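For the protein sequence lines, the chains are A and B, in the order given. Take the first sequence: its letter number 112 is residue 92 in the working numbering, and every next letter is one higher. Take the second sequence: its letter number 88 is residue 411 in the working numbering, and every next letter is one higher. We put the CB at the ideal spot given by N, CA and C, even for glycine. As the structure is a computational prediction, the values presented were derived from the model and not from experiment.
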Amino acid sequence: MVKLLNICKKFGFFLLIVFIVLFSLFPFIQMLSTSLKYSWDWGNPSLIPAKINIEAYQELLGLGQKSVDLPESIQNLLDETPDITEQQRDAIIAKYLDTGSVFPFGKYFLNSILFSLSAASVSLLLAVFGAYSISRLKFRGSTLIRRGVLFVYMFGGILLLIPLYKISVALGLAGSEEGSVFALVIIYVVQTLPVSLYMLGNFFRSIPYSIEEAAFVEGCSHMATIRKIIIPLSLAALATVFVYSFMIAWNEYLYASVFLKSYKELFTLPLGLKALFVSKNAIWDRIMAASMLTAIPVVILFMFVQKYLAGNMASGGVKE
Amino acid sequence: MRQSLTLEQKKARLGVQLVLPSVIVIGLLIIYPVAYNMYLSMFKVNLVGSNTFIGAKNYTNIITDITFWQSVLTTFLYVVFSTFGTTLFGLIVALAMNKKFPLRMIVRSIIILPYVAPVIAIVYAWQFFFDPVNGIFIHVVVEMLGLYDQRFNLIGTPEYAIWVAIIFSIWKSFPFTYLMIIARLQTIDTTLYEAAEIDGCSSWKKFLHITFPELYFVLGTLILLRFVWNFNKFEEVYLLTENVKTLPIYTYFKAFTGVMDLGQGSALAVIQFVLLIGLILVYVKKVLKW
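Take a look at the structure:
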């Protein structure tokens, strides 16, 4: 009897674990499955595609043969006008065959990388010095800053969006491409800076002060100990903070949608995906393939720092 | 001759210098805008050119608008249910993951994925799942179980869409809650459980008398954080469905679509912030008893 009860308990536990895993993973499976299906297969509830379709990926990554045929009318027109030059001819054909304009994945990907890399680098740089200061050096106001950084949690994105947009219009930043890029990068920096300060501050405090003292005896300045002791000892924490900031910028939609609205060339992946979804080119396999390609970089990055990130989050320093 | 600084003063000066860039950036881009937002809320704001002072007009316009109160109600429903659901599910997952079982490490990495994936990339999978034509959900409830005799658009109908948004929110945020809880679980002294076992306590009693009291504070804090975050949440709702008009989305539509009324948008943001502060104070007093 007791044995039977035990088996039931074990089985119940097993079901719970299976449920948790399926619940977490299902949307990803759905995404992968649909991205590989032909349109005639979408209505089929099976998650395994009846026939694998990689056209969407090929199209987005610009691989393989062009999937669009030259419309017949254009071909006729070209044949009937012999006096155009070879160059003009090629230009016209290229225009009609260009699938890049549907969803220029490469361009958006590059934009996303640039925004995220610059925001994460600046944030990390400021945070290293700031965190060293609030964790090691005492001065008037240091406690206030240390406690105050997390108060920023309270302000939602929308509360800051209107004044920030108004300010950047007033400063003339929103009127030009460079200005908009600058405004957006600095906004991403400030969105991640409080958490970076907090996480690094906590980490620096865990480094024994005696190591630094030994360096001071040798005649090192504070700046030198940051460079020679603090940074080498906290590479893992620095990587974590960097990846964290990178992910925040990579995933961000709200600010980008307002600041880059009129600059299609500067669209990041989230903006591009949203634009694709509401455009006439919205086809499920293409959307899902684009979603996969947007998600994969952060998932891979996350896998690298997973261990440290989980630990750091648990010590209290993380914002969404 | 200038008196040379003592070592302490030098340290303090360096401290200020190092932290100053961060403080300036945060001050200019967070503190100042919040204040500026309050100022803007009393004006008819023009994107270019000067603003016109209209006093409390923006505020009276808002509170006499029935759609605003509907939005407040939607926000409450969304925030309360998503916070409660996330915390409960996160707790269950944490308790399960705290037990040893085969492949535990792999399972633990898999279940963090929802938290990491970009919202924009994952919402389409959810939309497809509930899609009236192709979605599995409709296929199951209509074709297989026969609960409804017609296919319907779940995400397109506001009354249903809010529940999809709540489940999506739980799915997206439970990993964070789970990580926080499991970190605390692992610090609980195991001898407490051994003692309870000798006394013949059931698993439920052990949870009630040992685990739960130990987790009380961390759960209280997690609920508070989740409440604040979900109250301010924009992307997770807006990108999944524009039919659930919580306050941030309501504000976004007012301020950035149609006739861009930034003044009223600012006023809405202020109201939202005041509401949030009020609710937090009540919560901190009643639940956390600080």
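Annotation for residue 495 of chain B: the continuous alpha helix (DSSP H) segment containing it runs 481 to 508. Residue 400 of chain B has a beta carbon lying at 8 angstroms or more from every beta carbon in chain A. Residues of chain B with a Cβ closer than 7 angstroms to the Cβ of residue 169 of chain A are, in chain order, 348.
Under DSSP, residue 367 of chain B shares a beta bridge with B:375. In chain A, no part has a C-beta under 7 angstroms from the C-beta of residue 476 of chain B; the shortest such distance is about 15 angstroms. Residue state for residue 458 of chain B is assigned as coil, using DSSP reduced to three classes.
Taking every protein chain shown into account, the CB of residue 552 of chain B has 16 or more other CB atoms within 10 angstroms, so this residue is buried. Counting only Cβ-Cβ distances below 7 angstroms, residue 574 of chain B has contacts in chain A at 138, in chain order.
Burial of residue 15 of chain A is indicated by the presence of at least 16 other C-beta atoms within 10 angstroms of its C-beta.
Here residue 216 of chain A carries a helix assignment [DSSP, helix/strand/coil]. Separation of residue 413 of chain B and residue 267 of chain A (C-alpha to C-alpha, rounded to the nearest whole angstrom) is 30 angstroms.
DSSP places residue 524 of chain B outside both helix and strand once states are collapsed to three, so it counts as coil.
Counting only the Cα atoms, residue 35 of chain A lies some 55 angstroms from residue 340 of chain B.
Counting along the chain, residue 201 of chain A sits inside no alpha helix (DSSP H), nor does DSSP assign it H or E at all. Look at residue 30 of chain A here: in three-state DSSP terms it is coil, with no helix or strand label.
In the displayed model, residue 362 of chain B falls within a helix according to three-state DSSP. Taken in chain order, the unbroken stretches of alpha helix (DSSP H) that lie wholly in the stretch 245 to 294 of chain A and span 4 residues or more are 249 to 258, 264 to 294. Assigned with DSSP and collapsed to three states, residue 113 of chain A falls in helix. The count of Cβ pairs closer than 8 angstroms, one atom from the stretch 503 to 512 of chain B and one from the stretch 535 to 555 of chain B, reaches three, so the stretches are in contact.
Residues of chain A whose Cβ lies closer than 9 angstroms to the Cβ of residue 508 of chain B do not exist, since the nearest Cβ in that chain is about 11 angstroms away. Per DSSP, the continuous alpha helix (DSSP H) segment holding residue 406 of chain B begins and ends at 389 to 420. Collapsing the DSSP output to three states places residue 38 of chain A in a helix.
Contact check for residue 167 of chain A against residue 352 of chain B passes: the beta carbons are separated by less than 8 angstroms. DSSP places residue 123 of chain A in the uninterrupted alpha helix (DSSP H) bounded by 122 to 128.
Residue contact check for residue 455 of chain B against chain A: no CB pair falls below 8 angstroms. Rounded to whole angstroms, the gap between the alpha carbons of residue 27 of chain A and residue 10 of chain A is 7 angstroms.
Each of B:567, B:581, B:580, B:502 was checked against the Cα of residue 409 of chain B, and the nearest Cα belongs to B:502. Contacts with chain A (Cβ-Cβ distance below 8 angstroms) from the stretch 423 to 447 of chain B involve 424, 430, 432, 433, 434, 435, 436, 437, 439, 440, 441, 442, 443, 444, 445, 447, listed in chain order. Between residue 492 of chain B and chain A, the shortest Cβ-Cβ separation is not below 8 angstroms. The stretch 184 to 203 of chain A and the stretch 123 to 139 of chain A do not touch, with fewer than three beta-carbon pairs separated by less than 8 angstroms.
At least one CB of chain B lies nearer than 8 angstroms to the CB of residue 135 of chain A. Flagged as an interface residue toward chain A: residue 588 of chain B, by a C-beta distance shorter than 8 angstroms. Contact note: residue 85 of chain A does not reach chain B at a C-beta cutoff of 8 angstroms; the least C-beta distance is about 13 angstroms. Within its own chain, the residues whose Cβ lies closer than 7 angstroms to the Cβ of residue 364 of chain B, once the five positions on either side in sequence are excluded, are 381, 586, 589, 590, 593, listed in chain order. Residue state for residue 563 of chain B is assigned as coil, using DSSP reduced to three classes.
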